[in-house]
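K.L.:
Structure below; questions to follow.
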Amino acid sequence: MSPPTRPSTREVRSLLLLVLCHAVAALLAPFVAGRIGRWVFLPLALVPTATVVWALTHTRTVLDGDRVTQRVTWVPDLGMDIDLSMGALQWLLVLVVAGIGALVLAYCTWYFRAGSPHLASFAGHLTAFMGAMLGLVVSDNLLVLFVFWELTTVFSFLLIGFDPGKRASRLAALQALVVTTLGGLAMLVGFLVLGHEAGTLSISGLLADPPRGTAVTVGVMLVLLGALSKSAQVPLHFWLPGAMAAPTPVSAYLHAASMVKAGLFLVSVLAPGFSTVPGWHLVLLTLGTLTMLVGGWRALRQIDIKLLLAYGTVSQLGFLMVLLSIGSRTAALAGLGLLLAHAMFKATLFLCVGIVDTLTGTRDLHKLSGVGRQLPVVAVAATLAGLSMVGFPPLLGFIAKETMWAALLELAHGETAGVPSYAGWLVLAGLAVGSTFTVGYTARFVWGAFATKPGVEPTEVRPLAAGFAAPPVVLALAGLVLGFAGAALTTAIAPYADTLVAGEHEEYLALWHGWELPLLFSALTLLAGAGLFAARDRVCHLQARTHPPVSAEQVYRAAMRAVDRSAIEVTGFVQRGSVTTYLTVVLVVVLAVPGSALVAALVSSLGGDGPGIDVVAWDRAAQPVVGVIMLAAAVMTVRSRRRLRAVILAGITGYGCALLFLVHGAPDIAMTQVLVETVTLVVFVLVLRRLPEYFTDRPLRPVRYARMALAAGVGVAVAGFLLVAGSGRTAEPISSQFAKAAYDFGYGRNVVNVTLVDIRAWDTFGEISVLVVAATGVASLIFLDSRSSGIRRVFDVPYPEGVDRQAARPGRRVWLPGPRTLSPERRSIVFEVVTRLLFPTVVVFSIYLLIAGHNLPGGGFAAGMVTGLALMVRYLAGGRYELDEAAPVDAGVLIGTGLFVAALSGLGPVAFGGSVLQTADVYVDLPLLGEIHLVSSIGFDIGVYLVVVGLVLDLLRTFGSRLDRQILRAEREAAEGVDSEDSRSRERRERAEVSG
Amino acid sequence: MEMNATLLLVCGGLVGCGVYLLLERSLTRVLAGLVLIGNGINVGFLAAGGPAGSSAFYGSADPEDMADPLPQALVLTAIVITLGTVAFLLAMAHRSWQLHGADDVQDDVEDAAIRRLAVDDETSVGHSATTQGQEEDDPEEDDR
């Protein structure tokens, strides 16, 4: 093998732009299709046409053996740059992909009827696919190639599943996706292996210096798996006939001309560097030959002419795989010539099938009769394409096949390294038989679609639009013209072919090579194939009798079924559906894994090896007293059968916590804990009035003891971790610097508060965001639709029954306005008076806490809780209207404003050149008040304050006001003598509210 | 560092009781368990922060003698978060009671369906051996 010389390159900037043009066109297509319907395909066809023109302008560069390249830096750390490169091989494929793409898009205009469903998305998907295919063939980076490769898979999935209402179409799409993605993933692993071994992911770099070794062999095999699955080689071929569920333009384009060529393309790209890797020839020659035989044999018996072509495509793909994998100059000439020929004749044939199908409504070759006479142009085009397929002179297929026989003879003579002579003869024999099959099924196709059959009524054919027939005619004629252009083709393919080993004779593509062996082979296969066609009925009978017991598709289905079965078993075993079980599993793991580490640490500590255990009984005498009370309350919480009792006992542990905090030297959290505990208790009570008094009785089961043991184990483990971790601590805690830092940079004396609003302000910001989410969640669970039930002021509330209307005259004041909406027996004048006196004081106090919190105990959380409690007292004294009087704002607005203020104050310093959440201070001299030290982080604290007030207000509105309303309604319904039936229907209504 | 045994005991005890309640089915009990666990862990933070000391106000005491302010700040946020969590779970308990007449945690219906398939040794729709997935289009299936 002559080492490929690094060709000179020509840098362009238009290549990626072309790919992006396809993407933009694909995005626009649905909108345009909405306006002009099926005519959208004609403007879309301009995009691939532009690509063809672009490629032709670079013909000179490419034919000189140079490359057109473009590099866009993308993820340099991963070696993932968008490297695009076009040599002779790529140039040929760009022309195939874009040229046939333009014709197929134009053809779609007439294939679809006006107003076909899914047309808009189809146009977009097909154009996007063309872009992905273009990107695939010009990629010069393995990872970029992989991305485009998978994109073609995805669009193929969408295009096969064109009609998602049809089950067969969905299944075919999924099958193609699963098979090709499986190969694609293997290929990705292969790429990574190759990239690792070569030290580069660039394809040209890889080929310039191909690595060797076991890892490379494995990598190449994985890559080949991807190529084999994409190009539908045995035993992964079955997805291709299934994919015929797609509309015919898709079959013509993706599943004949372009996508299925991707695997062949990859093999041709790699062949110059890797065809001598062990196993390469064994795998590809064997499977390629088998594919050609299996596909051809199955095609001989098909009744659906589209399916017949599909199996024919499988067969031809195997044929091409053999040629392109050989890795000799002659084989490459033949292979690429055939690849071009196949793209043209197979697309023509599919497009003709589409015409016949659309105009007659059937694809059954037993029902079609006399179509050729009524559609002569189509019949001629299809016949020309068919002749090219069988290798009949003077068509393109013939000249490629001539060289193909020469290449196979070289192989059989042992001229290819690594392929013994006998293997070459076997391949030659296989391909000869395969070519015979090709002749047989091609004849069957042309006869089946167009012949007039005795005893069959002539099929009715609707009139043919000229535009509909134009694309296949153009392609068929191109196949004829190129048959005379052997020399030009040789020149075009030579830059690629010359990178491969040349045979003894310098072969070339031409119509006439003289009276040689290849001509004999061509003639023999044509004759034998004609015989096969003549005996077609006997062939069908033979096939029926020798039908293999298992097909590849059945194996696939069995495999998918096995995957499904095991998934069900695993899921059924693991997903028990019970939260308790999941929690138990989690906790048992906690006990088993970190717990055993804990035991090991304890053992070594007590043995004197590790850090010792360092314990004091208590720091303050009050601690054990409070601790005993808390533990007693906790145990009683567990034992209690009444809801309220359990909640109050749990609350006692909370107040106990506050005491522990206080004696520990943490007044801030002690205060916040007391406030929060109080709010929690009130909220609990508000909800519990709606829930049954006792917990549901459950039978006592032995499993309870296991649960007790687990709970005790977790408790011991938590305490044990703290003990071991704390005792083992040797480093100075970072917080020892906090006190000074708080004053120097946060300008505050309350270290905890400065920690919250400055040192760890990001934390606090995250936390208030959680509060916003929680408040929103609560509101949506209780209000169900929106908070819009609204705030109602007292003056628009009617007096309840039995309450005398009080004359409102100037000067007459009430303690609280709200309670008049309550029935008299629910009111307490003393409570109302106290509330009236306390409320303003408490609110002022909370504002003091908010401002003073920077230097003294307090801060946004505590202040917000105090304001919340003040509101709560108003609510308890005067009912829901009193709450609205006290805070006539939407809780959501408060919460949102709070978050906004906090964010703004965090971002503020950036405007002055500081960093986010930095604190600044300023001294302001005010009359009367004297000098005031203002610190910018007060803004953050105000945000926190507003969020907390909003949260408490939300809780009161939901658990208080809203539940009041529900209770009132229930009472009213009960009073109206509504029986339990109706209360159930009310529940149903509420349920409907949720879903509606 | 010296660990305070009393605080550790309280922490372990509260977490243990909380975990027991957490494994119950009634959401109210789960909630009480959550409150207990929250309190227990907060006490644990206190214990991990080191010995008791004077309050952390700059200038009021020597920083050496102050109780560690960092765990305090963490506990403060934890307390308020616990309120949010409790309120949310409470709303769920209420909703569950409204819909099912009980605030018990129900088993997942979809999981139960999969378990039935596993017990019957069945495959899911589309992978059945008899239809091969290639049957005629089933209009009912398509409507779904």
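Respectively, the protein sequence lines represent chains A and B. For the first sequence, position 733 (counting from the first letter as 1) is numbered 723 according to the numbering used here, and the numbering increases by one without interruption. To convert, take the position in the second sequence, counting from 1, and add 88; that gives the numbering used here. Built from N, CA and C at the ideal position, the CB exists for glycine as well.
How should G986 of chain A be labelled, buried or exposed, when 16 other C-beta atoms within 10 angstroms of its C-beta is the threshold for buried?
P.N.:
Because G986 of chain A carries a pLDDT of 38, less than 50, the predicted location of this residue cannot be relied on, and the following value inherits that uncertainty. Burial call: exposed.
K.L.:
What three-state label does DSSP hand N130 of chain B in the structure shown?
P.N.:
Residue state, collapsed to three classes: helix.
K.L.:
Give a yes or no on contact between the region 50 to 59 of chain A and the region 287 to 294 of chain A, applying the rule of three or more CB pairs nearer than 8 Å.
P.N.:
The region 50 to 59 of chain A, when compared against the region 287 to 294 of chain A, does not touch it at the 8 Å Cβ threshold.
K.L.:
Are the C-beta of L861 of chain A and some C-beta of chain B separated by less than 8 Å?
P.N.:
Chain B contact via Cβ: absent.
K.L.:
Report the partner residues of M154 of chain B according to the DSSP bridge assignment.
P.N.:
According to DSSP, M154 of chain B bridges with B:S142.
K.L.:
In or out: F902 of chain A buried (at least 16 other Cβ within 10 Å) or exposed?
P.N.:
Burial call: exposed.
K.L.:
Give me, in chain order, the residues of the same chain whose beta-carbon lies closer than 6 Å to that of L280 of chain A; leave out the 5 immediate sequence neighbours on both sides.
P.N.:
Same-chain partners within the cutoff: V224.
K.L.:
Within a Cβ cutoff of 8 Å, which residues of the same chain sit near P682 of chain A, ignoring the five residues on either side of it in sequence?
P.N.:
Around P682 of chain A: R633.
K.L.:
Which ranges does the beta strand (DSSP E) cover as unbroken runs of at least 3 residues, wholly within the region 37 to 68 of chain A, from first to last along the chain?
P.N.:
Within the region 37 to 68 of chain A, the complete beta strand (DSSP E) runs of at least 3 residues are 57 to 65.
K.L.:
Roughly how many angstroms lie between the CA atoms of L133 of chain A and A407 of chain A, to the nearest whole one?
P.N.:
So the two alpha carbons sit approximately 30 Å from each other.
K.L.:
Can you list, in chain order, the residues of its chain with a C-beta nearer than 6 Å to that of P139 of chain B? Leave out the 5 residues immediately preceding and following it.
P.N.:
Closer than 6 Å at the Cβ level, and outside the excluded window around P139 of chain B, lies no residue.
K.L.:
Ignoring anything shorter than 4 residues, give me the alpha helix (DSSP H) runs that lie fully in the region 367 to 401 of chain A, in order along the chain.
P.N.:
None, since the region 367 to 401 of chain A contains no complete alpha helix (DSSP H) of that length.
K.L.:
Assign T(-1) of chain A to one of three DSSP states: helix, strand, or coil.
P.N.:
Correct three-state label for T(-1) of chain A: strand.
K.L.:
For a test of the three-state rule: what should DSSP assign to A636 of chain A, helix, strand or coil?
P.N.:
Three-state result, A636 of chain A: helix.
K.L.:
Report the start-end ranges of each alpha helix (DSSP H) in the region 259 to 300 of chain A that is 4 residues or longer and not cut off at the edges.
P.N.:
Those alpha helix (DSSP H) runs which fall completely within the region 259 to 300 of chain A and span 4+ residues are 270 to 289.
K.L.:
Quick one: give me the first and last residue of the beta strand (DSSP E) that S411 of chain A is part of.
P.N.:
Run containing S411 of chain A: none in the beta strand (DSSP E); it sits in the alpha helix (DSSP H), 411 to 440.
K.L.:
Does L573 of chain A have its Cβ less than 8 Å from a Cβ in chain B?
P.N.:
Yes, contact with chain B.
K.L.:
Does any C-beta atom of chain B lie closer than 8 Å to the C-beta of I293 of chain A?
P.N.:
Closer than 8 Å: no.
K.L.:
How would you label D1003 of chain A, buried or exposed, when you count the other beta carbons within 10 angstroms and need 16 or more for buried?
P.N.:
Residue 1003 of chain A lies beyond the range of chain A shown here (-9 to 986); nothing can be said about it.
K.L.:
How far does the beta strand (DSSP E) with S541 of chain A in it extend, from its first residue to its last?
P.N.:
Careful: S541 of chain A lies outside any beta strand (DSSP E) and carries neither H nor E.
K.L.:
Name the chain B residues that come within less than 7 Å of N740 of chain A, Cβ to Cβ?
P.N.:
Going along chain B in sequence order, the residues near N740 of chain A (Cβ under 7 Å) are F145.
K.L.:
Once you ignore the five residues that flank V446 of chain A on each side, which residues in its own chain have a CB closer than 6 Å to its CB?
P.N.:
The answer, listed in chain order, is S359.
K.L.:
Between the Cα of L97 of chain B and those of B:P157, B:L134, B:D156, B:L122, spot the shortest distance and give me the residue it belongs to.
P.N.:
The option with the nearest alpha carbon to L97 of chain B is B:L134.
K.L.:
Let me see if you follow: with CB-CB separation under 8 Å, is I150 of chain A close to chain B or not?
P.N.:
Answer no: the Cβ-Cβ gap between I150 of chain A and chain B never drops below 8 Å.
K.L.:
With H, G and I counted as helix, E and B as strand and the rest as coil, what does DSSP make of M550 of chain A?
P.N.:
It is helical.
K.L.:
Return yes when the Cβ of V87 of chain A is within less than 8 Å of the Cβ of L34 of chain A, no when it is not.
P.N.:
Their beta carbons are not under 8 Å apart, which means L34 of chain A does not touch V87 of chain A by this criterion.
K.L.:
Should V174 of chain B and R113 of chain B be called a contact, given that it needs their Cβ atoms to be closer than 8 Å?
P.N.:
It is not a contact, given that the beta carbons lie outside the stated cut-off.
K.L.:
Any C-beta of chain B sitting closer than 8 Å to the C-beta of A331 of chain A?
P.N.:
False, the Cβ-Cβ gap to chain B never drops below 8 Å.
K.L.:
What are the residues that DSSP puts in a beta bridge with V925 of chain A?
P.N.:
According to DSSP, V925 of chain A bridges with A:D911.
K.L.:
Going along the region 605 to 634 of chain A in order, which residues come within less than 7 Å of chain B, judged by CB to CB distance?
P.N.:
Going along the region 605 to 634 of chain A in chain order, one finds V605, V606, A607, W608, D609, R610, Q613, P614, G617, M620, L621, A624, V625, T627, V628, R633 with a Cβ nearer than 7 Å to chain B.
K.L.:
Looking only at its own chain, which residues have a Cβ that is under 6 Å from the Cβ of Q306 of chain A, when we skip the five neighbours before and after it?
P.N.:
Taken in chain order, the residues that qualify are H332.
K.L.:
Enumerate in chain order the residues of its own chain whose CB-to-CB distance from A729 of chain A is below 6 Å, with the five nearest sequence positions on each side excluded.
P.N.:
Same-chain partners within the cutoff: V741.
K.L.:
Quick one: complete alpha helix (DSSP H) runs, 4+ long, within the region 464 to 515 of chain A?
P.N.:
Segments of the alpha helix (DSSP H) lying fully in the region 464 to 515 of chain A: 476 to 487.
K.L.:
So with Cβ pairs under 8 Å, would you call Q663 of chain A a contact of chain B?
P.N.:
At least one chain B Cβ lies under 8 Å of Q663 of chain A.
K.L.:
So, with DSSP's three-state summary, where would you put D208 of chain B?
P.N.:
Looking at D208 of chain B - three-state DSSP - the assignment turns out to be helix.
K.L.:
Using the C-alpha atoms, what's the distance from G101 of chain B back to A136 of chain B?
P.N.:
Distance between the alpha carbons of A136 of chain B and G101 of chain B is about 16 Å.
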